[in-house]
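Worksheet: the structure to be examined is printed underneath.
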Amino acid sequence: MASRTHAGAVPSTLPRHQILDEQGAIADDPLLSPYVADVTVEQLQHLYRSMTAARRVDEEGTSLQRQGQLVLWVPLRGQEAAQVGSVWPTLPTDRIFPSYREHAVAFERGLAPSDLMRLFRGITAGGWDPEEHNLNLYTMVLASQVPHAVGYAMGTALDRKAAQDAGTPPETDPEAVIAYFGDGASTEGEIHESMVFAASYDAPVLFFIQNNQWAISVPFATQSRVPLATRAAGYGFEGLRVDGNDILGVVAATRYALEKIRAGEGPVLIEAETYRMGAHTTADDPTKYRERDEEEQWGHLDPVDRLRAHLRDAHGVEDEFFETVARENDEIAQRMRADVLAMTPPRFEDSFAKAYAEQHSLVDAERAEYLDYQVGFAPQDEMDTHDTRGAGA
Amino acid sequence: MTQLTVAKAINAGLARAMEENPKVMLMGEDIGSLGGVYRVTEGLKSRFGAHRVLDTPLGEAGIVGTAVGLAERGYRPVCEIQFDGFTFPAFNQITTQLAKIHARSDGQLTVPVTIRIPYGGVIGSVEHHSESPEALFAHTAGLRLLAPSNAQDAYWMSQQAIACDDPVIIFEPKRRYWLKGEVDEKTSPGDPFKASVIREGEEATIVAWGPLVPVALAAAEAAREDGRNVEVIDLRSLSPIDFDTVTASVRKTGRLVIAHEAPTFGGLGGEIAARVTERAFYSLEAPVLRVGAYHLPYPPAAVEENYVPDLDRVLEALDRSFAY
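First to last, the protein sequences are chains A and B. Per full-length UniProt numbering, the very first residue in the first sequence carries number 1; after that it's consecutive. Per full-length UniProt numbering, the very first residue in the second sequence carries number 1; after that it's consecutive.
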């Protein structure tokens, strides 16, 4: 990572939590270890499946984009532990607000890979029903979804108050809200306002930062002098810094944070230190701004390799398991690919029905104009409107 | 029927919406204990409680951004932006999020957020307290814009905006907050997105909205003394714009003057002029004329009356129209 020195800089003393060390051995963490003491080998195998399935789908996404079948793809390689580890401990009632790289979060939440691909196929700006998995849509303007998460969390607290006033007994597991963003987005002003609002209204929200070290081409050192978790103290709530390539560390930190949030002691911030092993998107070229050495160094910290080593060494999981998972992942990727290729573009005229929830006279008039204009072209140009590749490719 | 000022009418409209729907809540800077810098929300915090009238931290992006989340949770938040010029810290949330979430979700999410913006000038204030940014938002698909000019509309539009499943921005004519008018609390004036012919005439049409409606009426009255019979339309809605009502009037009168406080260049007057020209070309006796502010940042209070269109400038435009 590019380093810089700043005159007068105050170094952070915030500890970095870790439970699975770089070799996949258990390192005791006094605060967090109890939160994963009950994790079984079957559960670890589930986590391994989720992480590797996401990685396999991710690879397929890049291939599909290279073959002209997606308008863009946003690789997640390297961030699987941070994503799966933070979403696995959530409840179905918890609302998730992703940014746009949280594919493993989405899949673990139950979203079919092909549903996620609809956006990248260029046939919609959304792609799924946010209510179905309590998973909000991807948001492309960095940080914009974070105040939404805070507002949603404020709403859950208001609902709870209303229920209390009505004499309803309190829920055993009050809802929590999770807002995902990255080190680049952390600089946006809306993050600051989100944290102030969350603090002021005791919003039951977890700010989950994946610090993947790079905001496209700008290194983390340009975003911050200190770990981002340090900033939570400035707002008066707890910030945890965790090895983001350590699946158990991330699970433990998230469980710890959610427990606090459900007890009404939120918000909490977690910074998972990880690495974007690939490009920012398929339109990016990391060779222009970062060193091969750095990539290799982080390559040794691969979260999937680490969990695999742990499963082998600590639990005696054998090759057959890993081979089976790899085969299953290939099937998932092939199914996703087939689904993507079968996707058909929406009819442009349907866009007129989506801009507003209620009737809008200008949109109605322009829809009529558009249809009228199209009539003049039928039928010989009809072929042109059936391009199966979707928009913008 | 009750006589109310525009400010009190908005207050009564908000109170009624809050009474009728427990999900309606107000958020903004200083709107609770103080009642807002213009006292529009006076008394509502003590009446409905601090959990429904939020004195928020000072951050417009935070106000609108959290309102989006509250709306996704099932609430109907009404955000007050303290002054027009302070809307811009929330511009990203309004234009990239609030306006687009319904389309982004293919219609699955609705974000019924209302944003109240006291707008317009001639109040003798400092920079950023007198602006008319409506065109910026009218240009953004997904938003609806209302501009009440009187107490009756102020009372009803507040409620209609809150009831609407789309995001609605209400541009409140702050220099008319103390203008009194009849409010009929029993009968709604109907569709808020329709323009209203508030004075009938045969020889020319003036279209205005918000704070310039009384100026347009005064111009029509002055023209009558010169023997000219001028029709006045209160546009009421700036997105959508009721082009049918405007076009029908111009087909009858043959002349159109559009007056707004916002700068002429890139203003909504240009859009209205173009539409009317497209739809009523052969009815026009003169080019459609616009009266607006100059392409300058809003000037210091001492000279603001030279910047914002007034009665004389509207009359001068009418004269030019009649000269064709």
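Ideal Cβ placement from N, Cα and C applies to all residues, glycine included. Keep in mind it's a predicted model, so treat the numbers as computed, not measured.
- Closer than 7 Å at the C-beta level to chain A, one finds these residues of the region 97-108 of chain B: Gln-97, His-102, Ala-103, Arg-104, Ser-105, Asp-106, Gly-107, Gln-108.
- Straight-line spacing of the CA atoms in Val-304(A) and Arg-292(A) works out to 20 Å.
- In the assembly as shown, Gly-121(B) is a buried residue. Its beta-carbon has 16 or more other beta-carbons within 10 Å.
- Residues Arg-109, Gly-110, Leu-111 of the same chain have their beta carbon placed closer than 6 Å to that of His-133(A), with the five preceding and five following residues left out of the count.
- Looking at the DSSP output, Cys-79(B) shares a beta bridge with Met-27(B), Ile-115(B).
- The three-state secondary structure of Pro-263(B), taken from DSSP, is strand.
- The straight-line gap separating the alpha-carbon atoms of Lys-288(A) and Arg-121(A) is approximately 27 Å.
- Contact check between the region 172-180 of chain A and the region 39-53 of chain A: fewer than three CB pairs, one atom from each, fall below 8 Å, which does not count as touching.
- DSSP places His-310(A) within a helical segment (H, G or I) once states are collapsed to three.
- Taking a beta-carbon distance threshold of 7 Å, His-148(A) counts as an interface residue toward chain B.
- Contact annotation for Asn-92(B) against chain A: Val-141, Ser-144, Glu-190 [CB-CB distance below 8 Å, chain order].
- Contact check between the region 229-238 of chain B and the region 203-217 of chain B: three or more CB pairs, one atom from each, fall below 8 Å, which counts as touching.
- Annotation: the continuous beta strand (DSSP E) that includes Phe-181(A) extends over 177-182.
- In this structure, the beta-carbon distance from Ser-196(B) to Asp-234(B) falls below 7 Å.
- According to the DSSP assignment, Asn-329(A) belongs to the alpha helix (DSSP H) that extends over 319-341.
- For chain B, the residues of the region 150-175 of chain A that bring a beta carbon within less than 8 Å of one of its beta carbons are Val-150, Gly-151, Tyr-152, Ala-153, Met-154, Gly-155, Thr-156, Leu-158, Asp-159, Lys-161, Ala-162, in chain order.
- Straight through space, the alpha carbons of Ala-25(A) and Leu-64(A) are spaced by roughly 37 Å.
- Within the region 198-222 of chain A, complete beta strand (DSSP E) segments of at least 3 residues are found at 205-211, given in chain order.
- By the C-beta density criterion, Arg-290(B) is buried, having at least 16 other C-beta atoms within 10 angstroms.
- Between the C-alpha atoms of Gly-299(A) and Met-277(A) there is a straight-line separation of about 7 Å.
- Within the same chain, Ser-86, Pro-89 come within 6 Å of Thr-254(A) by CB-CB distance, once the 5 residues on both sides are set aside.
- Nearest C-alpha to Gly-264(A) among Asp-243(A), Glu-238(A), Ala-365(A): Glu-238(A).
- Assignment of Phe-97(A) by DSSP, reduced to helix, strand and coil, places it in the strand class.
- Where Ala-317(B) is concerned, the enclosing alpha helix (DSSP H) starts and stops at 311-322.
- For Ala-355(A), the neighbours in chain B by C-beta distance under 8 Å run, in chain order, His-102, Ala-103, Ala-141, Gly-142.
- When C-beta distances to chain B are compared with 8 Å, every residue of the region 257-274 of chain A stays at or above that value.
- DSSP places Thr-95(B) in the helix class (H, G or I) of the three-state scheme.
- Distances from the alpha-carbon of Ala-166(A) to those of Ala-154(B), Pro-22(B), Tyr-324(B) put Pro-22(B) closest.
- Each of Leu-301(A), Pro-174(A), Ser-194(A) was checked against the Cα of Asp-243(A), and the nearest Cα belongs to Leu-301(A).
- Within chain B, the residues whose beta carbon sits less than 7 Å from that of Asp-129(A) are Gln-108, listed in sequence order.
- Around Tyr-235(A), the same chain offers Met-195, Ala-199 as residues with beta carbons nearer than 6 Å, after the five sequence neighbours per side are excluded.
- Note on geometry: alpha-carbon atoms of Gln-359(A) and Asp-191(B) lie some 12 Å from one another.
- Assigned with DSSP and collapsed to three states, Gly-151(A) falls in helix.
- Across the structure, Arg-241(A) and Ala-7(A) are spaced so that their CA atoms are roughly 24 Å apart.
- Exposed is the label assigned to Asn-306(B), since fewer than 16 other Cβ atoms lie within 10 Å of its Cβ.
- The beta carbon of Gly-184(A) does not come within 7 Å of any beta carbon belonging to chain B, so the residue lies off that interface.
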